[in-house]
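Data first, discussion second: the structure below is written as structure tokens.
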Amino acid sequence: MPSIIVLDTLSPDGLALLDAAKAHGITYEVATGLSGDGLREALARHDGAICRSGVKITAAALAGNHRLRAIVRAGVGTDNIDKEAATRLGIVVMNTPAGNTLSTAEHAFALILGLSRNVAAADASLRAHKWDRNKFMGAQLAGKTLGIVGLGRIGQAVAERARAFDMRVLGYDPFLSPDRAAELGIELIDSVRGMLPEVDYLTVHTPLTDETRHLVGMKELEIVKPGIRLINCARGGIYDEAALAEGLKRGVIGGVALDVFEKEPCTDSPLFEMPGVLVTPHLGASTEEAQSQVAVEGVGLLVDFLTTGAIRHAVNSSAIDPAALEGVRGFLDLSWRLGLLLSQLDSAAPRSCSIAYRGEIAARNTRLVTAAFAAGLLEGSIEDVNIVNAEMLLRERGIELVEQSRTDPGAFSSVVAVDLVGDDQVHRAAGTLFGHSMPRIVQLEGQRLEAYLDGILLVFTHQDVPGIIGRVGNAFGQSGINIAQMTVGRSTPGGDAIGVLNLDQEPSPEAVAAVAACPGVKSVRVVKLPPAGQLPSWLAASSASSRTARRG
Ligand code: NAD
Ligand code: MLT
């Protein structure tokens, strides 16, 4: 029975949905404030986790986890989750990108207005029984210039609000089209430095990355428009806090409003003692509406994933919707099996692989099918491989994976053909599906044949000479091994040939040696594949749960 752990305080609307998910056999536990071993142990007991920004899901917290399959961040920023560690373990990380957009944009505006009219300082002064009307001279927004760095969801919502306040809006975002910018009334500038001398207010709405870290630092103080007011409602660290304090001291900066800090929680900062500073403790998304929306959306993502295998808003995997999964289910099984087969034909590590799709399959979601092949290829060597982490694990090992597609049909309506290139050898296999779910090998090492892709296989290359099949059959007969099916492929009579035997049981090393000793046999490999119909655990889980969900 799948279970979920709630790691940060979640809105009651989200918890109500979790209660309702019990009908789908999903249980949940709320455990907030966890860290260290307590967090690691808790994560290892659940299939899914949901959090906000409080808990830190580090590589150490995920170490040795064989159970967790998904982490959902009820919010935007996933910087409190080690995504690389999660991906390596095959754990999908999803977020709820839009639920708190408006609340955060409004908070940015609250800070812009609060800063301009000294709201917090005036409030504190009056509460101290002072009627000080001269001290709190403010600035009007209309006619002023606002610079926005990062014009995604929140940045655009801020721009719309700024236009309503009759502000001129300059923006910088490498991914905003000039047309969309024009629609929003934003003048696009091609760098942050380019806008600094012009703007009265600067607000940032990007993630914290190597590029955005300390976007405004000591050097930028030299070029900003004197009296500039800086607002950060995105991530601490985008402004260099030491430079902000210095700029305020020198009078270059007219005001600073921060909702986020380089280190959080932040309860002490030189900025707290300075005039012209307005601070809130990461409250951008703290509205009833935003929290309800991200919790409901987040729980929905997790329950959908655990019941149907659907992946939406993933930040470390491509989206998988149940319909796409259903449409390629048989091919996922086929290519996973081709991966398992090829991994057993050679013990040397491959340098690269290429996977070619031909026919109907080429028009479907081949990304997933390729990932399934990679999962099969690595499964024998690496624990917990699945379609989320397989390609990354291949890349980490320096193995290139290339995909090609052509939709015109060949000899079969759909074929998946794979080449595994090693230092001095290339192994080739191609397969198709009979019906919707019966995988077959249709080419091996360049020879056409037709063999089952399940159970125990004996693959032997040989010279196409009379009597060889009889000799091989005889060798197994003497060892008491039953051959369920035999198929042979060759390009020219008397030339190189390959045989595939489907065996009823695994042959002993002596029986394999007896086959290898048959005159004309060049190489022998035993390949162990799952029985027909047995799906990989990552595919079986989603099929079983999707069946449960449909029944429920
Ligand atoms: P988004 O992904 O919709 O937009 C981010 C934008 O930043 C993108 O358009 C991207 O192209 C742009 N960008 C990235 N690097 C850039 C760079 N170097 N220069 C210029 N632009 C760059 O994200 P969003 O939902 O708008 O959220 C923005 C930020 O706000 C995130 O960091 C998020 O974590 C944070 N956030 C904070 C709160 C809060 O409580 N304070 C709430 C929600 C979101
Ligand atoms: C976010 O990235 O969504 C914000 O930091 C809001 C939050 O969840 O605290």
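Quick note: the sequence shown uses the working numbering, first residue 251, plus one each step.
No residue lacks a Cβ here, since even glycine has one placed at the ideal position from N, Cα and C.
Being a predicted model, the structure only gives us computed values, none of them experimental.
590 is the residue among 590, 358, 352 and 754 whose C-alpha sits nearest the C-alpha of residue 668. The three-state reading of DSSP puts residue 514 in coil, since its state is none of H, G, I, E or B. Every residue whose beta carbon comes nearer than 5 angstroms to a heavy atom of the ligand MLT appears here in chain order: 302, 303, 325, 326, 327 and 535. With a threshold of 16 other beta carbon atoms within 10 Å, residue 586 meets it and is buried.
For the 8 angstroms CB-CB criterion, residue 739 and residue 715 do not form a contact. Given a length threshold of 3 residues, each whole run of the beta strand (DSSP E) inside the region 466-526 is given here in chain order: 478-482 and 503-508. Residue 759 and residue 748 have their C-alpha atoms spaced approximately 20 angstroms apart. Non-local beta-carbon contacts of residue 397 in its own chain, meaning distances under 6 angstroms to residues more than five positions away in sequence, involve 420, 445, 449 and 452 in chain order. According to the DSSP assignment, residue 357 belongs to the alpha helix (DSSP H) that extends over 351-366.
With a cutoff of 8 angstroms on beta-carbon distance, residue 461 and residue 486 are scored as not near each other. In this structure, the straight-line span from the alpha carbon of residue 384 to that of residue 504 is close to 17 angstroms.
Look at residue 565: its beta carbon is at least 7 angstroms from all of the heavy atoms in the ligand NAD. Two segments are said to touch when three or more pairs of C-beta atoms, one from each, lie closer than 8 angstroms; by this definition the region 411-419 does not touch the region 317-336. Sequence-distant partners of residue 447 (beyond 5 residues in either direction) whose C-beta falls short of 8 angstroms from its own C-beta, in its chain, are 473, 474 and 475.
For the ligand NAD, no non-hydrogen atom lies closer than 7 angstroms to the CB of residue 638. In this structure residue 366 touches residue 389 by the C-beta definition: roughly 5 angstroms separates them, less than 8 angstroms. In the three-state scheme derived from DSSP, where H, G and I count as helix and E and B as strand, residue 404 is classed as helix. If the five residues before and after residue 633 are omitted, its C-beta is found closer than 7 angstroms to no C-beta atom of its own chain. The beta carbon of residue 508 is closer than 6 angstroms to those of 482 and 529 in its chain, skipping five residues each way along the sequence.
For the ligand NAD, no non-hydrogen atom lies closer than 7 angstroms to the CB of residue 464. The ligand NAD has no heavy atom closer than 7 angstroms to the beta-carbon of residue 307. Residue environment for residue 641: buried (at least 16 other C-beta atoms within 10 angstroms of its C-beta). Only exposed fits residue 522, as fewer than 16 other CB atoms lie within 10 angstroms of its CB. In this structure, the straight-line span from the alpha carbon of residue 554 to that of residue 352 is close to 25 angstroms. For a cut-off of 8 angstroms, the C-beta gap from residue 699 to residue 679 is around 11 angstroms, too long to register as a contact. In the DSSP assignment, residue 724 falls within the alpha helix (DSSP H) that extends over 718-728. When beta bridges are read from the DSSP output, residue 301 appears opposite 323. At a Cβ-Cβ threshold of 8 angstroms, residue 707 and residue 779 count as neighbours. DSSP places residue 675 outside both helix and strand once states are collapsed to three, so it counts as coil. Taken from the Cβ of residue 484, at least one heavy atom of the ligand NAD lies inside 7 angstroms. Nearest C-alpha to residue 732 among 705, 697 and 712: 705.
Proximity to residue 723 across 614, 333, 621 and 761 peaks at 761, based on C-alpha coordinates. With respect to the 8 angstroms criterion, residue 673 and residue 598 are classified as neighbours on the basis of their beta carbons. Residue 420 has 397 and 437 as its beta-bridge partners, per DSSP. For residue 730, the number of other beta carbons within 10 angstroms of its own is below 16, and it is reported as exposed.
The C-beta of residue 261 has 16 or more other C-beta atoms within 10 Å across all chains shown, which makes the residue buried.
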